[in-house]
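Participant: The structure that follows is given in the form of structure tokens.
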């Protein structure tokens, strides 16, 4: 997976966060300058794939609510996965099993992209088109405070975020006087040794 890391610089109430056309607020805003400087373009493609998977899951959910026939559900899944093995798997499923599989995909269809032979840009565009989303992978966002649209469309995606256990409360450290090294007579280094600035 393509990752990134950063420091949370501002925490806003949900109503002040930018929101999409359908009124859903975004959870996290990342600076786009974190992509080209680290040559990590793969995370953009992965984010587009995540958005497409979420959109396809929502379409499957709508099909379930409108009580589409199992034949049309099978056909839709065949379009998404487009593989002989999955086609054979679909053929073996009973109608109830098929509905259970689709029910599990309500938050997004399951997609895997192998490391060196992953989904191509065109395949991702096909998934976005199939999900009824813009091929550019971007959408319009509105300022949460003023309600005015941003000047340009923004990449809004569905991706995993983890909280790393690096918190300022654990790292903050200060010292006036304390232990010194017997050999060099410099202060010891680091928080664990109650160290100070070494000269």
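Residue numbers (this note's numbering): -17 to 181.
All residues carry an ideal CB built from backbone N, CA and C; glycine is no exception.
When DSSP builds the beta bridges, which residues end up paired with residue 1?
Facilitator: 7, 124
Participant: Would residue 197 and residue 132 be called neighbours here (beta carbons separated by less than 8 Å)?
Facilitator: Look at the range of the chain in this structure, -17 to 181, and you will see that residue 197 is not part of it.
Participant: Buried or exposed: which applies to residue 181, given that a residue is buried once 16 or more other Cβ atoms fall within 10 Å of its Cβ?
Facilitator: exposed
Participant: Can you tell me whether residue 169 is helix, strand or coil according to DSSP?
Facilitator: strand
Participant: Determine whether the beta carbon atoms of residue 100 and residue 36 lie at a separation below 8 Å.
Facilitator: no
Participant: Could you tell me the boundaries of the alpha helix (DSSP H) in which residue 54 lies?
Facilitator: Where residue 54 is concerned, the enclosing alpha helix (DSSP H) stretches over 52 to 63.
Participant: Whether or not the stretch 0 to 20 and the stretch 72 to 90 are in contact is what I'm after, with contact meaning three or more pairs of Cβ atoms, one per stretch, closer than 8 Å; do they touch?
Facilitator: Short answer: they don't touch.
Participant: Specify the secondary structure class of residue 14 as computed by DSSP and reduced to three states.
Facilitator: Of the three classes helix, strand and coil, the one that applies to residue 14 here is helix, per DSSP.
Participant: My parser needs the alpha helix (DSSP H) runs of 4 or more residues fully inside the stretch 72 to 125; what are they?
Facilitator: Entirely contained in the stretch 72 to 125, the alpha helix (DSSP H) runs reaching 4 residues are, in chain order, 77 to 86, 103 to 112.
Participant: Per the contact definition of three or more C-beta pairs closer than 8 Å, is the stretch -10 to 8 in contact with the stretch 47 to 67?
Facilitator: Too few Cβ pairs lie closer than 8 Å, so no.
Participant: CB residue 31 to CB residue 113, shorter than 8 Å?
Facilitator: no
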